[in-house]
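Enquirer:
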Ligand code: ZN
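In our numbering, the protein residues as written are 3 to 248.
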């Protein structure tokens, strides 16, 4: 089975469209690690695509915030404004879909899906030390997470942790073969709001039989996505950061 792994789409339809086109023919099923909405200007179109095309989806903190969960009180000003706007924009069906999403970790075809970390859906895993400390909580050897908007993730073996490289500037893909006796926390990166200084949309492809992960980046129409945010009268900061990739 070849899985297309999407995370942190954040209502960015232009980025999602570019990813789906770039990945065409390379996958059998789609899974999503949460944050379908929040920040961006197209919550309904992105949620409808996710509803129609994904086999497994877990919730992110923004999916909760945008459907009225109190987690919104912890958000920064621009994130809070976007969450409140999204809450008013979502159709009833899309809101219900987002509200009923399960929390991770979710077992799916031999891998595990989570938004933040295996012990806390809101926890950020940013560095190797944090990844190593989560070892006792990993439900299996292949765990996919999002939330940080930083593509790559970590390999863990015998007390050692190392980082998996994302594609370099101008590079389309980085391929990683999973090794035996190793646990992995893998991050496909953010489709709709990358924060790793690469403004291209990020995603992952995982082959469950060959145990091979491809981390990919693809350019998309950032100008159009920026315009959608500004047309919705959301903070300009949310539009500008797309162009900066941070
Ligand atoms: Zn996110």
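Glycine is no exception: its CB is placed at the ideal position from the N, C-alpha and C atoms. Please read these numbers as outputs of a predicted model, since none were measured by experiment.
At a cut-off of 7 Å, would you count residue 37 as near the ligand ZN, judging by its Cβ distance to the nearest heavy atom?
Expert: yes
Enquirer: Evaluate residue 45 with the Cβ neighbour count: other Cβ atoms within 10 Å of its Cβ, from every protein chain shown; 16 or more gives buried, anything less gives exposed.
Expert: A residue is called buried when at least 16 other Cβ atoms come within 10 angstroms of its Cβ; residue 45 meets this threshold and is buried.
Enquirer: Three or more beta-carbon pairs under 8 Å between the stretch 137-155 and the stretch 180-194, yes or no?
Expert: Yes: the two stretches touch, three or more of their Cβ pairs being nearer than 8 Å.
Enquirer: Can you give the Cα-Cα distance for residue 63 and residue 148, rounded to whole angstroms?
Expert: 11 Å
Enquirer: Extract the residue ranges of the beta strand (DSSP E) inside the stretch 155-199, only unbroken runs of 3 or more that lie entirely within it.
Expert: Fully contained in the stretch 155-199 are the following beta strand (DSSP E) runs of length 3 or more, in chain order: 162-165, 175-179 and 185-189.
Enquirer: With 8 Å as the threshold, decide whether the Cβ of residue 63 is near any Cβ in chain D.
Expert: Protein chains in the displayed structure number just one, and chain D is not present.
Enquirer: DSSP on residue 201, reduced to helix/strand/coil?
Expert: coil
Enquirer: With a cut-off of 8 Å, do at least 3 Cβ pairs link the stretch 68-82 to the stretch 105-112?
Expert: no
Enquirer: Where residue 49 and residue 3 are concerned, what is the direct C-alpha to C-alpha distance, given to the nearest angstrom?
Expert: 24 Å
Enquirer: Going by beta carbon distance, what residues of the same chain come within less than 6 Å of residue 139, once the five residues before and after it are set aside?
Expert: 120 and 121
Enquirer: Can you tell me where the alpha helix (DSSP H) holding residue 4 begins and where it ends?
Expert: Per DSSP, residue 4 belongs to no alpha helix (DSSP H); it is in the beta strand (DSSP E), 4-8.
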